[in-house]
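*Asks:*
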Amino acid sequence: MKLFYYLLFFSTTVTYGQTVIRGKVMDKKGKPLPGANVFLKGTYDGTTSDQDGVFYFKTAEKDTATLAATYVGFEISEKKVELNGKEVSHNFFLNESANELNTVVITAGAFEASDEKRMAMLKPLDIVTTAGAAADITGAIQFLPGAQRVGEQEGLFVRGGSGQETKIVIDGMIVQNPFFSSLPDVQQRGRFNPFMFKGTSFSTGGYSAQYGQALSSVLLLNTTDKVSNNGLGISLNLASAGLNYDYATKNQSISAVAYYGNLKPLFALVKQNVDWLHEPEFKGSSLTYRLRPTKNGVLKVYGMYSDSRLSMNSKNPSTESGTTKLDLNNRNAFMTSTYTDQSADGKWLLNSGFSYSRNKDNMTFDAINFDRFDERTQARLVLTRVLSGNNSVLFGGEAHAINLQNGVDGKLYYLKDRYTAVFAESEIYVTRLLAGRVGVRGEYSSLLNRFNFAPRLSFAYKTGKFSQVSLAAGQFYQNPDYRYSYLSKNLNFERADHLILNYQIIKNQRTFRFETFYKNYAQLVREFTGIAFDADPYRFPWGTTNNGGDGYAKGFDFFWRDQKTIKNFDYWITYSYVDSKRLFQQFSESATPTFISNHNVSLITKNWFDKIQTSFNMTYAFTSGRPYYNPDNKIFLADRTPAVHNVSIQSSKLTSFKGNLVIFYVSVDNILNTKNVFTYRYTADGKTRYAVGPQNYRSFFVGTQIMLSKKAKVDKNDL
Amino acid sequence: MKKLLTTSLLTLLSLASIFAQNEKYVEAMTSSIALLDKVDKAKNDPVELQGIANRFERIATAETKEWLPRYYAAYCYTLMGLSGNSIVEKDKYLDKADGLIKESENLVGKPSDEILIMKAYAAQIRLAADGMNRWQKYGALFAENIEAAKAVNADNPRIYYLEGSSLLFTPEEYGGGKKAAKPFLEKAVAKFATFKPQSSISPQWGKMEAEWMLSQTN
């Protein structure tokens with residue numbers, strides 16, 4: 003009986019021994035946080051803060067306990083309290099946890115398109131849907147800030163750099179032949195389908211020590227990790243027909259693509275400025291295999307092969323007929339495999355890759371052999387150690403074996419280069435608002451038999467909730483154009499020094515970005531021929547050479563994008579200014595090179611009509627006049643071409659046919675039929691000038707993509 | 183005799199306290215689930231849901247071995263991901279949901295149909311926040327988790343409810359629409375009719391929603 007009283011006594015004390023706990027939950031600045039969870043750790047006792055951040059609850063717990071407050075997006079805060087019936091009062095000031103919005107990112111020079119990074123300025127889809135880009139990645143990138151448009155050549159011309167100063171990199175591996183084989187005065191497309199990539203980062207300078215061999219810019223493309231669409235797809239358009247097939251299981255997937263194209267039907271409809279003897283005809287295929295062998299490991303193997311042939315009469319004023327017959331048969335193979343993984347605790351990341359590319363051009367000019375052959379084998383390994391507080395350090399290396407052959411006037415020249423590089427880089431977050439990236443890269447080229455050492459540095463500081471400034475500086479080396487090395491064996495690397503200052507603000511689906519830069523060129527290759535300047539871009543450099551050239555490029559660019567003001571309407575405006583002079587190649591004095599246009603403007607609009615599932619996109623591009631060589635002008639490269647204007651539109655409609663997704667698209671390039679001129683050339687006697695313009699003026703393109711997707715189709719049998 | 187009595191009494195007492203502890207857990211869960219059931223699913227008021235999520239999280243911190251409090255808190259945050267004001271805010275809730283799902287997954291330690299379904303649901307809400315740009319990644323993640331849930335327990339009605347609701351809000355061009363959704367929702371409703379939850383506090387949500395959506399397909 004005594005025990006019973008004991009128990010009764012015990013339980014009554016519990017009921018009456020309650021402690022009141024009250025207080026307020028705020029952020030560091032004292033702003034109340036409503037909806038915060040306040041509780042005694044290890045018990046059920048607690049409450050939710052009210053709209054003023056105030057909380058109040060009672061507890062029957064005794065002795066000491068831990069009072070904690072949590073709030074979404076904030077770090078937990080704890081306080082040891084004494085529970086003895088006396089009221090406990092405590093105010094919490096919570097720290098915001100690090101997230102993409104409150105942590106600075108190093109952005110100087112980089113322009114990203116990504117689905118995963120919320121601060122990216124573009125989405126991968128934006129690249130594909132840009133009018134005037136013809137679903138070509140570099141075609142879309144050339145509308146971004148820092149890029150200059152050069153209509154008669156392929157490549158990305160960035161901030162006063164030539165097309166060769168930009169390297170295209172897929173999953174860390176340099177792509178040897180990113181474009182279809184170069185032709186006289188005809189711009190070529192990229193070889194890669196934009197849908198292959200989940201992310202694109204376009205660097206206009208000051209890029210990471212992980213990459214090299216590019217004086218101006220790198221375009222980093224990352225392939226997708228898995229297929230999104232299981233099934234067969236058919237693509238049909240005025241130029242080609244293709245099939246693609248995707249199949250995925252839990253840990254592996256495969257994608258196969260095959261296509262055949264012939265531009266004859268299109269060229270019959272769109273008037274050509276080029277005299278085609280055999281319209282471009284191409285066929286190719288690719289195969290991708292992805293495997294997840296471990297929890298975080300991803301193996302990707304991608305292989306592609308393509309074969310294209312064409313024949314044309316190329317303008318050549320030095321001959322009697324004024325033209326030269328050109329025949330080209332290109333065969334290109336590219337294989338790349340990458341393996342990425344991370345340790346179980348996520349502290350070590352591994353990126354490795356191996357790739358091989360082989361390219362053969364069987365080319366004749368006026369029936370004389372101008373064959374080209376190149377081959378590149380490369381291997382790469384990068385290890386990253388993730389440290390606390392966003393800090394990281396990485397180190398790695400790469401090795402390339404490059405073999406080249408070039409036929410000139412029937413004579414074959416050979417070259418081989420063994421290029422190796424090692425690099426280390428660290429990202430350091432001093433605070434969430436201030437971060438730096440410090441990197442070094444060392445390179446060796448067997449062809450030059452020289453080493454180089456390139457430091458890279460960038461900083462970023464968050465100036466406000468939505469804005470930040472960044473600064474990047476660094477040295478960048480590149481082997482001289484291999485054409486110079488066939489005859490000359492004593493050349494050195496060419497060098498560029500970058501200094502970039504960036505400001506950006508991203509707020510409420512509106513983006514503003516401003517960047518200004520200064521670039522110093524040094525050790526550029528000069529050629530001494532002893533005769534007058536030869537403006538033929540396809541000439542073989544037979545003169546003596548040295549690394550005595552130099553130059554500069556300076557300017558600024560801005561980008562404004564607004565996705566908010568008008569519903570389903572998105573537009574962006576880009577303006578790039580560059581001023582540049584160089585003493586290089588055959589230049590006898592410093593001058594602005596022919597690929598420089600001082601002003602580039604683009605306006606891109608995207609309109610989505612939900613009801614009819616149709617997009618309507620427009621691009622206007624303006625490129626100011628560029629220098630061209632006039633043998634009659636005493637002042638070297640003083641003449642300017644007229645400005646280039648281009649308005650393009652593109653529309654696509656989504657619809658379904660028997661449960662399969664069908665996309666129709668139609669595009670019109672140069673809708674105003676402007677007779678644009680890219681450059682002028684002169685006959686050998688210097689008397690007659692002729693214009694080099696686009697392959698065609700106004701042109702149109704229609705096509706369809708059908709996805710016979712298993713997943714999109716609902717079948718009773720699936721249930 | 184007295185000693186025996188005391189011993190047995192003490193034993194009984196300690197047993198009772200264990201039961202009481204369990205009873206307290208079940209009671210706290212039951213009352214919180216009742217609050218969650220009362221939430222107007224057409225509105226999904228974030229203030230109301232935050233309070234309920236906080237209750238589940240409090241239970242979770244006390245009951246370090248139980249996966250259900252975390253699961254229900256994740257469900258609250260997923261619903262908040264539906265009603266957030268901006269993509270950023272929605273993602274904030276869904277990030278929180280993902281973390282809680284991961285915790286409950288680690289506690290169960292083997293594939294659970296309910297957790298896989300919650301993963302699919304969170305992916306679906308994530309997709310809904312920015313369909314044009316997200317269908318590729320989150321559409322695949324949704325499908326992947328639905329398939330995995332089917333492999334564990336193909337009789338779970340919530341699988342078909344989510345498949346049906348996903349199709350209902352997918353444009354016909356992509357193979358969605360009312361006609362496509364209907365058979366899935368019918369199947370969900372049929373499965374709900376025979377569904378037996380493992381315990382009184384095991385997941386039971388979705389029946390009303392499935393019935394409402396089915397009524398919208400006509």
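If you read the protein sequences in the order shown, they are chains S and C. FYI, the working numbering numbers position 500 of the first sequence as 502, with every residue one higher than the one before it. FYI, the working numbering numbers position 65 of the second sequence as 247, with every residue one higher than the one before it. Just so you know, even glycine gets a beta-carbon here, dropped at the ideal spot from N, CA and C.
I think A311/C touches K272/C, with their Cβ atoms under 8 Å apart; what is that distance to the nearest whole Å?
*Replies:* Confirmed, about 5 Å.
*Asks:* Which one or two residues does DSSP pair with A456/S in a beta bridge?
*Replies:* R443/S.
*Asks:* Assuming G134/S contacts T518/S (C-beta within less than 8 Å), just tell me the rounded distance between them.
*Replies:* G134/S to T518/S, Cβ: 27 Å. No contact.
*Asks:* Over what stretch of residues does the alpha helix (DSSP H) that includes N226/C continue unbroken?
*Replies:* Per DSSP, N226/C belongs to no alpha helix (DSSP H) and is neither H nor E.
*Asks:* With which residues is L435/S paired in a DSSP beta bridge?
*Replies:* Answer is none; L435/S lacks a bridge partner.
*Asks:* Return helix, strand or coil for N239/S, following the three-state DSSP convention.
*Replies:* Reduced to three states, the DSSP call for N239/S is strand.
*Asks:* Since G362/S sits in a beta bridge, which residues does DSSP pair it with?
*Replies:* Residue identity differs from the one stated: residue 362/S is Lys in this sequence, not Gly. According to DSSP, K362/S bridges with R333/S, F375/S.
*Asks:* Using a Cβ cut-off of 7 Å, which residues of the region 528-555 of chain S contact any Cβ in chain C, in chain order?
*Replies:* Listed in sequence order: no entries.
*Asks:* In angstroms, rounded to a whole number, what distance separates the CA positions of G727/S and L350/C?
*Replies:* Within the shown structure, residues of chain S are numbered from 3 to 721, placing residue 727/S beyond reach of any answer.
*Asks:* Using beta carbons (cut-off 7 Å, strictly below), is N39/S in contact with chain C?
*Replies:* So, interface residue.
*Asks:* Alpha carbon to alpha carbon, how far is G87/S from R240/C?
*Replies:* For G87/S and R240/C, the distance between alpha carbons rounds to 22 Å.
*Asks:* For S242/S, return the contacting residues in chain C, with the cut-off set at a CB-CB distance below 8 Å.
*Replies:* Result: empty, since nearest Cβ-Cβ is about 24 Å, beyond 8 Å.
*Asks:* Going along the chain, which residues of its own chain have a beta-carbon closer than 6 Å to the beta-carbon of Q386/C, five neighbours each way excluded?
*Replies:* Cβ within range, chain order: P379.
*Asks:* For D54/S, decide whether its Cβ has a neighbour in chain C, counting only Cβ atoms nearer than 7 Å.
*Replies:* With 7 Å as the cut-off, D54/S does not count as an interface residue toward chain C.
*Asks:* Can you say whether S448/S is buried or exposed, counting buried as having 16 or more other CB atoms within 10 angstroms of its CB?
*Replies:* The residue is exposed, with fewer than 16 neighbouring Cβ atoms inside 10 Å.
*Asks:* Would you be able to state if there are at least three C-beta pairs under 8 Å between the region 547-567 of chain S and the region 484-495 of chain S?
*Replies:* With a cut-off of 8 Å, the region 547-567 of chain S and the region 484-495 of chain S count as touching, because enough Cβ pairs lie within range.
*Asks:* Note down, in chain order, every chain C residue with its Cβ under 8 Å from the Cβ of Y46/S.
*Replies:* Residues of chain C passing the Cβ test: K206, A210, R240, I241, A244.
*Asks:* Quick check: what's the CA-CA separation for I328/C versus L279/S?
*Replies:* Distance between the alpha carbons of I328/C and L279/S: 56 Å.
*Asks:* Using only alpha-carbon positions, find the residue among S268/C, E245/C, I269/C, I307/C that is nearest to Y257/C.
*Replies:* If we check each option's Cα against that of Y257/C, I307/C comes out closest.
*Asks:* Does the separation of the CB atoms of R191/S and D128/S fall below 7 Å?
*Replies:* Taking 7 Å as the Cβ cut-off, R191/S and D128/S do not qualify as a contacting pair.
*Asks:* Just curious, the alpha helix (DSSP H) that L271/S is in, first and last residue?
*Replies:* Note, L271/S: alpha helix (DSSP H), 266-271.
*Asks:* Would you verify that the beta carbon of G388/C is, or is not, closer than 7 Å to some beta carbon of chain A?
*Replies:* In the displayed structure, chain A is absent; the protein chains listed are S and C.
*Asks:* The alpha helix (DSSP H) that contains Y320/C, what's its start and end?
*Replies:* 313-334 is the span of the alpha helix (DSSP H), which, as asked, contains Y320/C.
*Asks:* Which term fits N400/C, buried or exposed, when burial requires 16 or more other beta carbons within 10 angstroms of its beta carbon?
*Replies:* Classification for N400/C: exposed.
*Asks:* Which residues in chain S sit within 8 Å of G233/C, going by Cβ to Cβ distance?
*Replies:* Near G233/C (Cβ distances below 8 Å), the residues of chain S are G37, T50.
*Asks:* Starting from Q615/S, find everything on chain C with Cβ-Cβ shorter than 7 Å and list it in chain order.
*Replies:* By Cβ distance, chain C contributes P353, E355.
*Asks:* Taking Q477/S as the reference, give the member of R563/S, S218/S, V130/S with the closest Cα.
*Replies:* It is S218/S.
*Asks:* Using the C-alpha atoms, what's the distance from E345/C back to A362/C?
*Replies:* Cα to Cα, the separation comes out at about 10 Å.
*Asks:* Whole angstroms is fine: what's the gap from G740/S's alpha carbon to K206/C's?
*Replies:* Chain S is shown only over 3 to 721; residue 740/S falls outside these bounds and no answer can be derived.
*Asks:* At a CB distance below 9 Å, what residues from the region 262-274 of chain C approach chain S? Give them in sequence order.
*Replies:* The region 262-274 of chain C vs chain S, Cβ under 9 Å: M262, S268, I269, V270, D273, K274.
*Asks:* So which residues on chain C does V603/S lean against when the C-beta distance must stay under 7 Å?
*Replies:* Result: empty, since nearest Cβ-Cβ is about 27 Å, beyond 7 Å.
*Asks:* For the beta strand (DSSP E) that D29/S lies in, which residues bound it at each end?
*Replies:* 21-29 is the span of the beta strand (DSSP E), which, as asked, contains D29/S.
*Asks:* Taking the alpha helix (DSSP H) that R485/S belongs to, which residues open and close that run?
*Replies:* Segment 484-487, the alpha helix (DSSP H) holding R485/S.
*Asks:* Going straight from the alpha carbon of F41/S to that of V208/C, what length do you get?
*Replies:* Approximately 19 Å between the Cα atoms of the pair.
*Asks:* Just checking: is the beta-carbon of D65/S within a distance shorter than 7 Å of some beta-carbon in chain C?
*Replies:* Cβ-Cβ to chain C under 7 Å: no for D65/S.
*Asks:* Of all the CB atoms in chain S, is at least one closer than 7 Å to the CB of K315/C?
*Replies:* As written in the sequence, residue 315/C is Asn, which differs from the Lys given in the question. So yes, N315/C belongs to the interface.
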